Structure formats: C-alpha cells, structure tokens
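Engineer:
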Amino acid sequence: RGGHPPILWRARFSDEVVDRLVSWSNPEGDINNSELELAGVIGHNDILANCTSLQEVTTATGTDNTSALAWSTKRAVSATGPSSYLLRLQSMHQRAHRYQLRTFYVPGEMNTMADDCSRLW
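In the numbering used here, each number is its position in the sequence shown, counted from 1, plus 597.
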C-alpha cells in the first residue's frame, strides 16, 4: 500500500477546557498540558481515520511531549483522571478502526510541523 502524505491540522480547545488548564495563574486547574498533548495524539489519529482507511495498518504519530509519549506507548497511567479517560478512548478508537498506533519522540526544535500548526494560523 502507498503511504499517506502528512496531515497538518489545528483545533482550539473549548473555553471550558482552557479554563481548567493548570497554569501559573490557575494552579488549581485539573487538566495539564501533557493531557492536552495526549488528546492531540488521539485527535490526530481520528482525523487520519476520517481521511483514509486505517484497517490493518500501523500509524506513526510524533510528539515532543514525553508524558504523552510514555502514556500512549505503555497504554497505561498510574492515576485516574483525564489521562486514564483519554487512554480508554484511544483504545476504543483503535479497536473501532482496527489499527496499531506507534508514537515516537520528536525533539521540540525538530517538531516544525506542529509548530507551524500552532503559529501560522
């Protein structure tokens, strides 16, 4: 089978999610940046599944977030919360579309496609 060209996409998180994000100005938030990165890994594969059939293939998704990489590689976390929910969602998505997910690390300075999606729109 032939490969698929890279897909660049961008989606804003809802105000509700942004308001819950842990930050210097919101230390009581209950969603962290790594969880948003994991949501991005899942979102990327959902977009890919809507562009082409993923049945019986392996997808490759790069991330510069080491927590999101570890979680999606191990398929497990040691706590309940957004990351455990997202990993269940990832597993259900993989089962529904019948594909294997491989995530890999892309150093921040090399992650130009993700940076373009963040800054060019």
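We treat Cβ as the ideally placed atom computed from N, Cα and C, and that holds for glycine.
Just so it is clear, the structure is predicted and the values come from calculations on it, not from any experiment.
Buried or exposed for L666, please, with buried defined as at least 16 other CB atoms from any protein chain shown within 10 angstroms of its CB.
Structural biologist: Looking at its Cβ environment, which holds 16 or more other Cβ atoms inside 10 Å, L666 is buried.
Engineer: Counting pairs of Cβ atoms below 8 angstroms between the region 635-651 and the region 679-688, do you hit three or more?
Structural biologist: The region 635-651 vs the region 679-688: in contact.
Engineer: For R699, list the residues DSSP reports as bridge partners.
Structural biologist: BP columns for R699 point to A657.
Engineer: Put L605 into one of helix, strand or coil per three-state DSSP.
Structural biologist: Correct three-state label for L605: coil.
Engineer: Is the number of C-beta pairs between the region 656-674 and the region 616-624 that are closer than 8 angstroms three or more?
Structural biologist: Flag = no, the region 656-674 and the region 616-624 do not touch.
Engineer: For S650, which three-state DSSP category applies?
Structural biologist: Of the three classes helix, strand and coil, the one that applies to S650 here is coil, per DSSP.
Engineer: What residues are listed by DSSP as bridge partners for S664?
Structural biologist: The partner list for S664 (beta bridge, DSSP) is empty, contrary to what the question assumes.
Engineer: In angstroms, rounded to a whole number, what distance separates the CA positions of E625 and E632?
Structural biologist: The alpha-carbon atoms of E625 and E632 are separated by roughly 15 angstroms.
Engineer: Taking C-alpha atoms, which residue in D612, Q697 and N623 lies nearest to S669?
Structural biologist: Residue Q697 is the option with its Cα nearest to S669.
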